[in-house]
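A short write-up of the structure that comes next.
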Amino acid sequence: MKNSILKILKLFIDFLSIQHTKLLTKTEINLPYNSLSPTDNAEKVDDYLNALEWALNKRDKIKNIAIAGPYGAGKSSIINTFRNRCKSNNDYKFLPISLATFKEEKNSETTIPETKDDLLRLIELSILQQLFYHEKDTKIPDSRFKKIKIQKNSYSLLITIGLLIFTTSFLHIVFPDFLAKFYLKELPAQNSFFFHYLSVLIIAFGILLIVYSSIRTLKRLSVKKLGINNASIEIDDKISKSILNNHIDEILYFFEVTKYNIVIIEDLDRFEQTDVFTKLREINLLINNSKKIENDVVFIYAIRDDMFQDKDRTKFFDFMIPVIPVINSSNSNDKLLKLIELNKYKISESLVDDISLFIDDMRLLYNIMNEYHVYFKKLNESLSQDKLLAMIVYKNIYPNDFTKLSQNKGELYSTITNRYQYIIEKTSEINNQIIELKNEIEKLENAELNSTKELRMIYLYKIIEKISQENPSYPFHSFRVGHSSRANALKFEGIFSILVRQCTSVHSTINADFRFVTICFE
Numbered sequence: 000m001k002n003s004i005l006k007i008l009k010l011f012i013d014f015l016s017i018q019h020t021k022l023l024t025k026t027e028i029n030l031p032y033n034s035l036s037p038t039d040n041a042e043k044v045d046d047y048l049n050a051l052e053w054a055l056n057k058r059d060k061i062k063n064i065a066i067a068g069p070y071g072a073g074k075s076s077i078i079n080t081f082r083n084r085c086k087s088n089n090d091y092k093f094l095p096i097s098l099a100t101f102k103e104e105k106n107s108e109t110t111i112p113e114t115k116d117d118l119l120r121l122i123e124l125s126i127l128q129q130l131f132y133h134e135k136d137t138k139i140p141d142s143r144f145k146k147i148k149i150q151k152n153s154y155s156l157l158i159t160i161g162l163l164i165f166t167t168s169f170l171h172i173v174f175p176d177f178l179a180k181f182y183l184k185e186l187p188a189q190n191s192f193f194f195h196y197l198s199v200l201i202i203a204f205g206i207l208l209i210v211y212s213s214i215r216t217l218k219r220l221s222v223k224k225l226g227i228n229n230a231s232i233e234i235d236d237k238i239s240k241s242i243l244n245n246h247i248d249e250i251l252y253f254f255e256v257t258k259y260n261i262v263i264i265e266d267l268d269r270f271e272q273t274d275v276f277t278k279l280r281e282i283n284l285l286i287n288n289s290k291k292i293e294n295d296v297v298f299i300y301a302i303r304d305d306m307f308q309d310k311d312r313t314k315f316f317d318f319m320i321p322v323i324p325v326i327n328s329s330n331s332n333d334k335l336l337k338l339i340e341l342n343k344y345k346i347s348e349s350l351v352d353d354i355s356l357f358i359d360d361m362r363l364l365y366n367i368m369n370e371y372h373v374y375f376k377k378l379n380e381s382l383s384q385d386k387l388l389a390m391i392v393y394k395n396i397y398p399n400d401f402t403k404l405s406q407n408k409g410e411l412y413s414t415i416t417n418r419y420q421y422i423i424e425k426t427s428e429i430n431n432q433i434i435e436l437k438n439e440i441e442k443l444e445n446a447e448l449n450s451t452k453e454l455r456m457i458y459l460y461k462i463i464e465k466i467s468q469e470n471p472s473y474p475f476h477s478f479r480v481g482h483s484s485r486a487n488a489l490k491f492e493g494i495f496s497i498l499v500r501q502c503t504s505v506h507s508t509i510n511a512d513f514r515f516v517t518i519c520f521e
């Protein structure tokens with residue numbers, strides 16, 4: 000008895016504790032973290048939103064819209080912000096489809112055709128799955144795609160009671176004597192007429208439900224082969240070459256019974272398969288040309304700028320919105336400095352200028368600062384914050400090599416362990432250069448000229464060398480000094496002194512026929 004009372008009290012205390020937790024006002028802890036997910040309240044995107052709204056207002060002509068920009072430019076944030084601002088607009092019914100994958104495909108020229116076809120089928124299958132799994136079963140009751148349905152206990156109980164009532168009514172009409180054996184009390188004769196017609200109504204309603212459910216079940220079957228002689232039926236459960244083409248009737252039915260008129264497709268460009276865009280454009284054309292579908296359906300694609308070559312992308316889309324990246328390597332230092340100043344980190348501005356050259360994505364920047372804060376709090380705060388931030392940047396840009404560092408492997412580990420050998424090699428190289436320069440200086444110091452005429456000839460040679468460098472198209476042949484064409488005339492003191500005293504600039508004129516240079520003194 001005592002244990003039972005304790006158990007009851009414990010259950011009651013647990014219940015009160017749960018209710019107390021729910022009623023408490025949750026206070027948000029102010030921590031310097033930033034979400035890496037696209038935001039639905041982006042700043043400075045009004046121009047993009049206005050362009051997108053303009054295109055959607057012309058849905059009778061514009062059916063395929065591309066929001067193009069590099070990775071991390073903020074395409075998803077623009078779309079989410081537009082959806083957030085259009086919540087009260089009943090004209091827009093959004094259907095998001097995301098095919099996020101982080102496996103970059105190789106060049107299509109080296110892709111095996113069978114592998115490419117399989118990849119296309121998987122992409123189409125994923126699109127089809129997201130299309131139908133987004134909606135409730137009650138909205139698409141005639142779809143042949145089967146889903147796992149969660150039946151509530153109340154629903155199962157109702158079905159059980161209904162079957163019992165139907166079975167009892169059937170026995171009352173067909174086998175009344177058999178059912179009478181189970182009566183605890185004989186039914187009054189005056190009520191037999193009422194029970195009879197009530198049973199008939201229940202049986203009729205039950206048969207109606209059975210036939211209705213059977214028709215819906217038969218409509219979902221896809222018969223591939225029907226053999227009369229062998230009396231065999233085979234149901235098609237294999238993937239065809241084109242998933243979207245094979246199930247185009249399902250797609251048209253989906254848009255016929257639902258109100259979606261804007262389909263948002265993201266991350267499809269990661270697969271590097273332009274054939275999928277062609278297929279989706281055909282699907283969009285079939286949807287909008289179908290007389291069963293009243294709404295104009297627009298497909299919005301978030302793609303990279305370099306997804307299509309040359310002018311091909313203008314053939315796929317009816318309208319394109321270019322997105323300028325919010326952050327790049329030229330302005331990421333400003334973003335970093337703001338976060339550092341906001342959180343009062345002691346990080347030098349010179350380091351921020353250096354590492355910002357490697358940061359060109361807002362998600363990357365946020366993740367670096369998120370991880371930095373965790374490491375900063377977990378490790379000794381006396382550590383150099385500059386060095387810690389540098390390691391976190393390296394961890395985010397080269398995660399594989401950073402992981403190998405803890406295993407005494409990788410490029411960074413090799414660089415650190417071999418730094419002394421590197422210093423020795425560089426020191427030896429610099430010392431050799433110093434020795435060569437000293438030898439050259441010694442040769443110059445030991446060089447002796449026999450006379451002033453030789454010195455003048457060296458000066459003259461340098462003038463000729465300069466003329467040849469300025470006019471490489473016309474090789475030097477000869478020159479004139481005043482009225483004399485003798486080169487040796489310059490080595491005499493009289494003419495050379497005139498050159499030194501009066502020549503403020505040397506002008507060379509070239510005769511293309513004779514290829515000689517005339518030096519005039521001014």
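Just so we're aligned, residue 0 is where the sequence shown starts under numbering that gives the first Met the number 0, counting upward by one. We put the CB at the ideal spot given by N, CA and C, even for glycine.
Beta strand (DSSP E) containing residue i: first to last residue?
| i | result |
| --- | --- |
| Phe276 | From DSSP, Phe276 is part of no beta strand (DSSP E) but of the alpha helix (DSSP H) over Thr273 to Asn288. |
| Pro324 | No beta strand (DSSP E) contains Pro324, which DSSP labels as neither H nor E. |
| Asn63 | Asn63 to Ala67 |
| Tyr300 | Val297 to Ile302 |
So what's residue i in DSSP terms, helix, strand or just coil?
| i | result |
| --- | --- |
| Phe564 | Given that the chain is displayed from residue 0 to residue 521, the structure contains no residue 564 and the question cannot be resolved. |
| Phe93 | strand |
| Glu370 | helix |
| Phe401 | helix |
| Tyr154 | helix |
| Ala389 | helix |
| Glu424 | helix |
| Glu265 | strand |
| Met306 | coil |
| Thr114 | helix |
| Gly409 | coil |
| Tyr460 | helix |
| Asp512 | Residue placement at Asp512 is flagged as unreliable, the pLDDT there being 39, under the threshold of 50; the coordinate-derived value follows with that caveat. Correct three-state label for Asp512: coil. |
| Leu382 | coil |
| Tyr259 | coil |
| Gly73 | coil |
| Thr38 | coil |
| Phe293 | Reading the sequence as shown, one finds Glu at residue 293 and not Phe. Coil at Glu293, not helix or strand. |
| Tyr365 | helix |
| Glu123 | helix |
| Asp136 | helix |
| Asp59 | coil |
| Ile164 | helix |
| Leu200 | helix |
| Pro31 | coil |
Leaving out five residues before and five after residue i in sequence, what residues of the same chain have Cβ atoms less than 7 angstroms from its Cβ?
| i | result |
| --- | --- |
| Leu127 | Ile242, Leu243 and His246 |
| Lys74 | Ile66, Gly68, Ala301 and Val322 |
| Leu35 | Arg362, Tyr365 and Asn366 |
| Asn431 | none |
| Ile434 | none |
Along the chain, where does the alpha helix (DSSP H) that runs through residue i open and close?
| i | result |
| --- | --- |
| Ala54 | Asp45 to Leu55 |
| Ser331 | Ser331 to Asn342 |
| Leu350 | Glu348 to Ile354 |
| Leu526 | Residue 526 cannot be examined here, being either before or after the span of the chain that is shown, 0 to 521. |
Who are the Cβ neighbours of residue i in its own chain at under 8 angstroms, not counting the five residues just before and after it?
| i | result |
| --- | --- |
| Lys394 | Glu370 and Phe401 |
| Ile17 | none |
| Asp385 | Ile346, Ser347 and Leu350 |
| Lys536 | Nothing can be reported for residue 536, as the shown portion of the chain is limited to 0 through 521. |
| Glu52 | Phe81 |
| Ile122 | Leu98, Leu267, Phe270, Gln272 and Val275 |
Could you name the residues of the same chain whose beta carbon sits closer than 6 angstroms to that of residue i, not counting the 5 residues immediately before and after it, in chain order?
| i | result |
| --- | --- |
| Thr110 | With a pLDDT of 43 at Thr110, under the threshold of 50, the modelled position of this residue cannot be trusted, and the question is left open. |
| Leu368 | Residue identity check: residue 368 is Met in the sequence provided, not Leu. The answer, listed in chain order, is Leu338. |
Any heavy atom of the ligand SAH closer than 7 angstroms to the CB of residue i?
| i | result |
| --- | --- |
| Ile12 | Looking at this structure, you won't find the ligand SAH or any other ligand, since it has none at all. |
message = Is it the case that the region 265-279 contacts the region 40-57, given that we only count it when at least three CB pairs across the two stretches are under 8 angstroms?
response = Taking 8 angstroms as the limit for Cβ pairs, the verdict is that the region 265-279 does not touch the region 40-57.
ask   = On the three-pair Cβ rule with 8 angstroms, is the region 361-377 touching the region 29-43?
value = Yes, the region 361-377 is in contact with the region 29-43.
inquiry  = Count Cβ pairs between the region 345-359 and the region 84-99 that sit closer than 8 angstroms; are there 3 or more?
reply    = When C-beta atoms of the region 345-359 are compared with those of the region 84-99, fewer than three pairs fall below 8 angstroms, so the two segments do not count as touching.
message = For the pair the region 122-142 and the region 286-299, tell me if three or more CB-CB distances fall below 8 angstroms.
response = Output reads no: the region 286-299 does not touch the region 122-142.
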